[in-house]
Structures are given as C-alpha cells and as structure tokens.
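Chains A and B, in that order, are what the protein sequence lines are.
Letter by letter, the first sequence follows residues 1 to 183 of the numbering used here.
Letter by letter, the second sequence follows residues 1001 to 1261 of the numbering used here.
Every residue gets a Cβ at the ideal spot worked out from N, C-alpha and C, and that includes glycine.
Here the structure is laid out as structure tokens; the discussion comes afterwards.
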Amino acid sequence: MDNQYKVVHCTINGKEVSQIVDVRASLTDMLRNDYRLTSVKKGCEVGECGACTVIINGESFNSCIYLAVWAEGKEIWTLEGLTGPGGELSDIQQAFIDEGAIQCGFCSPGFILTSWEIVNSGREYTDDELRKALSGHLCRCTGYENIFRAVKKTMLRRLGKNEEAELVNSQGITEYPDPMPFK
Amino acid sequence: MAKTLLMAKNAAEAIDAKIASAAFLAGGTEVNRLGSTVEAETLISLKKCEGLNSIKKDGDKVHIGSMCTFQDIVESEDVPAYLKEAALFMASRTKRNMATIGGNIAARRSDSYLLPVLCAVDAELSLLTGDLEESKNINLYINEENDDSLITGITVPESVQVASKRYANTAQSHAVITMSAASTAECVKLAVAVKNTGILSFNLSSSGRLTEEAAVAFFKNYEIKDIEDDMFGSVDYKRYLLGITAYDLCKQLIAESGKEV
C-alpha cells in the first residue's frame, strides 16, 4: 500500500503555511525537515523529555508524539518565533542567559516554550506549582535550579514585581528582608 | 507501522471504520511514541470526533467524555478530587495536554495512571460496538480482550472517599505500583496497577482490624499471576510495597471517615 499524504494548513510563528505531509509524520519532523525549525529537538521520541515542546493554540505539547496532520488550522509557535524582528531575545530567553540556565542547550528550547506559556498566563505560580509545571522537561546539565530561577524572576517581572524578582536567591527562594524593628 | 490514517468526525464513523487491522488513536501518547506496541495497518484518529470531550455532572455522577485530556480533568470544576489527583500522577503538563482518559483505559497498561482509581470506584464505561451502545463496569472491561469497542465516555461517582498512591523513582518514571482504595458502604475496594504484571482488585471487608503486619503477610502469600523480578524491583519488594501501601491507604481512609476496616 502506498503511503498516504495530506496537505496541512496552519500558522507557524505567525506565518500562514501549507505543507504536504505523510500522515504518519510527527509535528517534530514537519517543523525540522520542512521548515528547518531546528530549535525543536528530537530527544526521547516518547513524550518524556520535553525537548520537542512547541506551543499549539497557546498550550505546550510534545511535538514528537503529535501528528503533523493534527496541526490543521492550528497556531504553532517554536522558539524561533519568540525573537523580535531584529533578532532581539524575548525576556524569558534573556533570563535563561542571565541566570546561567543554559549549558549544552539541548533542553532549553522546550523549557523556554513551557516557561513562555507560564509567564503569558498572567498568574502568579507558587514555587511548588512552578516546579510541577516545569516537570515535563528533563535537563542533564543544570540541576534545574537556574532554570527555575529564570522562570520565577521573569514571571514576577511580568507581574510588575521587579523588586520581588531581585529578592529571589540562588536556590530560587524569595528572601524577603527582615521586617522593620519596632521603634 | 501504520500506513493509513483516518480522521473520524464522530464516534459512529470511527466504529464503522474499525476492522481487525485498525486501531483507534486518541491523544497519541501511547500509539505515536517510539517503540509503541500498538500494531495496526490503519489508525483511526479520534482527535476531531465531536461529542467525546465534554464533562457533565448528573446528580452524584460525573460523565467524562473519553477524549477529555488529563489536563481537562485537572482543570474541570466538576471532576472529583480523587480523579484529579490520579491525573496529576502524569507529571508532565505537555503530556497531560495530550493524553486522554479513554486512551489511558484502552491501553490497559500495567503502569496505568488512571485504571487503579477508576477500578476502585467501579467506574462505568459507555462503549460503542458496531451499532450497539452499552454500559460496562471497568473491572469487566479490563479483563476482556475485545478491542473492537470504542470507549465514548466514563461515569464516576462523585461522593466517594478515595485514597491513592503512586511509587516511581521520579515523577517522570514508570511507576512500580499505583494503588487506589475506595470506601464503600460494605467494604474498602482496593485496585492496584503493578508494573509488568497488570491490574489487581481486592475487596476488604469491614470485619476485624487491619494491621500492617496482616497486610504485608497477605500480599506476601497472595497468588499474583505473572509477577516477577525486573528492573522495577524484586518480587519480594513489590509484594512488600503492596502490603504497606494497602495498609497506608486504608489507614488514610479510616482517618478521613472514622470507619474501621
């Protein structure tokens, strides 16, 4: 039996596209092979490591186990779509650099996209919720603390809590100053 | 590897297309993964099926469409807390956005996230086989090998006391055991998923007091088919874990309800 192909119409990083794909192809394959969006990494291919994460209609998905044909009519964002027109980094990308949350860089695109979903949600996550929200990603280099701190600081800054963001210590814990002693 | 993909528009279309060499494809976390054991010439995608992703409350029951994702369950105000807790056993948010309740049941995995809790509360499945719509207790369903039926919905009780535990090396690892205990009027119903072994169910009567020693001794000697040493632990370890977990869950139910087991 011949392979089956379909045309997929979707929006990738703000641009409307159409592409003929093998119905069995994963979205990872389509994004990497047809659009050269190589920030979408092929890691475990079982949906565990999160390196292939993309944003589909505002939510993060493992694109390695998501069929390309399911993307019909969807709005997809990859890491390449986060940078500005002149290549300027977004706040979450910059925070990953500033906090040393990147080492080999393989997991970073996935982490950044899930973090992007978190900071775009407009709500303040507790430390526990933040750790759980990031738990779909595996990083073998950083030990997670720097990543956690980058996301937490960006979340606080987006919520207008710049001073609080500066109080986040190296372990990611917000260290409030001692209250003023009574006079 | 599948060669064709059919995108069903509704449950009737999906069941019409179901032949022996075809398999249903729900969220894709099981079927699309590398090394999947699902072998089919044709995959019938349920992704665009209408009417399978709603959550409705009906008195003391909650009806959940089979294509509701784990994240839909976590976010719904109508889903009982015990089922949300089990859905959160899947630690990855990105996976929860994809995996469906129907797919998790139909996969019948020995490390299933949801089967223990659904078996413990005696969930009812709405099934479609050919033109026939039927309702079946999940405990009967998982012991059958009829893969031609399509799960269209799951009905769970709302006000039942449930305690659950999952043991795995990490939040992302496969669990060695996932156990749930549900308190009913007559007994406590235990259901457990044992990795590489299967789903086991037990009814504990409310006569006599359960002790930790008694629970450990029970599972030490209980005949469990296919249990063996593997990378998840030795048989002795698994049996011990079953015993102390059963005891812990019952103790938790007693503390919450005041009822003795």
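Report task. For A:R36, count neighbouring C-beta atoms within 10 Å of its own C-beta (all shown protein chains included) and say buried if the count is 16 or more, exposed if not. Result -> A:R36 is exposed by the Cβ-count criterion.
Query raised in the report: Listed in chain order, which residues of the segment 1018-1033 of chain B have Cβ atoms closer than 7 angstroms to some Cβ of chain A?
Result: Correct list: G1028, T1029, N1032, R1033.
Requested in this report: Compute the Euclidean distance between the alpha carbons of A:A25 and B:S1045, then round it to the nearest angstrom.
Outcome: Put simply, the backbone Cα of A:A25 is about 14 angstroms away from that of B:S1045.
Query raised in the report: Could one say the Cβ of B:G1035 lies closer than 8 angstroms to chain A's Cβ atoms, at least one of them?
Result: Interface flag for B:G1035 against chain A is set, since a Cβ pair is found closer than 8 angstroms.
Report task. Could you tell me whether the Cβ of A:Q4 comes closer than 8 angstroms to any Cβ of chain B? Result -> Taking CB atoms only, A:Q4 has a neighbour in chain B less than 8 angstroms away.
Query raised in the report: Does the beta carbon of A:N62 come closer than 8 angstroms to any beta carbon on chain B?
Result: Residue-level contact by beta carbon holds for A:N62 and chain B, with a gap shorter than 8 angstroms.
Query - Residues of its chain near B:D1078, where Cβ-Cβ distance is below 8 angstroms and the 5 sequence neighbours each way are ignored - result: Correct list, in chain order: I1055, K1056, K1057, V1062.
Query raised in the report: What number of angstroms, rounded off, separates the C-alpha of B:S1108 from the C-alpha of B:A1026?
Result: Rather than Ser, the amino acid found at residue 1108 of chain B in this sequence is Arg. If you take the alpha carbons of B:R1108 and B:A1026, they lie about 14 angstroms apart.
Query raised in the report: Between B:E1039 and B:K1047, what straight-line distance do the alpha-carbon atoms span, to the nearest angstrom?
Result: When rounded, the distance between both Cα atoms is 19 angstroms.
Query - Nearest-angstrom Cα separation, counted from A:N169 out to B:G1103 - result: Approximately 42 angstroms, taken between the alpha carbons.
Query raised in the report: What are the boundary residues of the beta strand (DSSP E) that includes A:Y5?
Result: Residues 5-12.
Query raised in the report: Cβ of A:M1 less than 8 angstroms from any chain B Cβ?
Result: Note that A:M1 scores a pLDDT of 46, beneath 50, so its modelled location is shaky and nothing firm can be said.
Query raised in the report: For A:I20, does the count of other Cβ atoms within 10 angstroms reach 16, so buried, or fall short, so exposed?
Result: Classification of A:I20: exposed, given that the 10 Å Cβ count is below 16.
Query raised in the report: What residues in its chain sit with their C-beta under 8 angstroms from that of B:G1233, if we drop five residues either side in the sequence?
Result: For B:G1233, the CB contacts under 8 angstroms within the same chain, skipping 5 residues up- and downstream, are V1176, L1241 in chain order.
Query - Neighbourhood of B:A1215 by C-beta distance below 8 angstroms, restricted to the same chain and skipping five residues each side - result: Answer for B:A1215: G1243, I1244, A1246, Y1247, C1250, listed in chain order.
Query raised in the report: Does B:Q1172 come within less than 8 angstroms of chain A when only Cβ atoms are used?
Result: Taking a beta-carbon distance threshold of 8 angstroms, B:Q1172 counts as an interface residue toward chain A.
**Report entry** Cβ-Cβ distance between A:I147 and A:F106 below 8 angstroms
**Finding:** Going by C-beta atoms, A:I147 is not nearer than 8 angstroms to A:F106.
Query - Per-residue burial, A:N13 [other beta carbons within 10 Å of its own, 16 or more giving buried] - result: By the Cβ-count criterion, A:N13 is buried, with 16 or more other Cβ atoms from all chains shown falling within 10 Å of its own Cβ.
Report task. List the whole-angstrom C-beta distance separating B:K1220 from A:N62, where the pair is believed to meet the contact cut-off of C-beta under 8 angstroms. Result -> Contact doesn't hold; Cβ gap of about 40 angstroms is too wide.
Report task. Measure from the C-beta of B:L1052 to each C-beta in chain A and report whether the shortest distance is under 8 angstroms. Result -> Not an interface residue.
Query raised in the report: Does DSSP put A:Y125 in a helix, a strand or coil?
Result: A:Y125 falls in the coil class under three-state DSSP.
Query - 8 angstroms Cβ cut-off: residues of chain A touching B:M1001 - result: Chain A residues near B:M1001: R24.
Report task. For B:L1061, write down the residues that DSSP places opposite it in a beta bridge. Result -> Residue identity check: residue 1061 of chain B is Lys in the sequence provided, not Leu. Assignment of beta-bridge partners to B:K1061 by DSSP yields B:D1058, B:P1157.
Query raised in the report: If contact means a Cβ-Cβ distance below 7 angstroms, which residues of the segment 1044-1069 of chain B contact chain A?
Result: Of all residues in the segment 1044-1069 of chain B, K1047 have a Cβ within less than 7 angstroms of some Cβ in chain A.
Report task. Mind checking the segment 15-44 of chain A against chain E and listing, in chain order, the residues whose C-beta falls within less than 8 angstroms of any C-beta there? Result -> In the structure shown, chain E cannot be found, because the protein chains are A and B.
Query raised in the report: Cβ-heavy atom distance between A:Q171 and the ligand HEM below 7 angstroms?
Result: This structure simply doesn't include the ligand HEM, nor any ligand for that matter.
Query raised in the report: Contact check, B:A1120 vs B:A1182 under 8 angstroms by CB: the rounded distance?
Result: Going by Cβ atoms, the distance from B:A1120 to B:A1182 rounds to 4 angstroms, so yes, they are a contact pair.
Report task. Note down, in chain order, each residue of its chain lying with its Cβ closer than 6 angstroms to the Cβ of A:C139, except the 5 sequence neighbours on either side. Result -> Shown here for A:C139: same chain residues with a beta carbon closer than 6 angstroms to its own, the five before and five after excluded, namely C107 in chain order.
Requested in this report: Give the residues of chain B in contact with A:T114, contact being defined as C-beta atoms less than 9 angstroms apart.
Outcome: Listed along chain B, the residues sitting closer than 9 angstroms to A:T114 by beta-carbon distance are R1093, T1094.
Query raised in the report: Excluding the five sequence neighbours on either side, which residues of its own chain have a C-beta within less than 7 angstroms of the C-beta of B:T1197, listed in chain order?
Result: Within the same chain, Cβ atoms closer than 7 angstroms to the Cβ of B:T1197 are found at S1110, I1224, D1226, I1227, the five residues on either side in sequence being excluded.
Report task. Measure the C-alpha to C-alpha separation of B:S1159 and A:E145 and round it to an integer number of angstroms. Result -> So the two alpha carbons sit approximately 40 angstroms from each other.
Query raised in the report: Are A:E99 and A:A150 closer than 8 angstroms when you measure CB to CB?
Result: Yes, Cβ-Cβ distance for A:E99 and A:A150 is below 8 angstroms.
Query raised in the report: Do the CB positions of B:T1037 and B:A1022 come within less than 8 angstroms of each other?
Result: No, Cβ-Cβ distance for B:T1037 and B:A1022 is not below 8 angstroms.
Query raised in the report: By how many angstroms is the C-alpha of B:K1003 removed from the C-alpha of A:M1?
Result: Low local confidence applies: a pLDDT of 46 at A:M1 is under 50, so the model's placement there is unreliable, with the coordinate-based value given in what follows. In a straight line, the C-alpha of A:M1 is about 7 angstroms away from that of B:K1003.
Query raised in the report: Under 8 angstroms between C-beta atoms, does A:Y66 make it to chain B?
Result: Chain B, which has a Cβ nearer than 8 angstroms to the Cβ of A:Y66, makes this yes.
Report task. Answer with buried or exposed for B:Y1141, where buried requires no fewer than 16 other C-beta atoms within 10 angstroms of its C-beta. Result -> With 16 or more other Cβ atoms from the protein chains shown falling within 10 Å of its own Cβ, B:Y1141 counts as buried.
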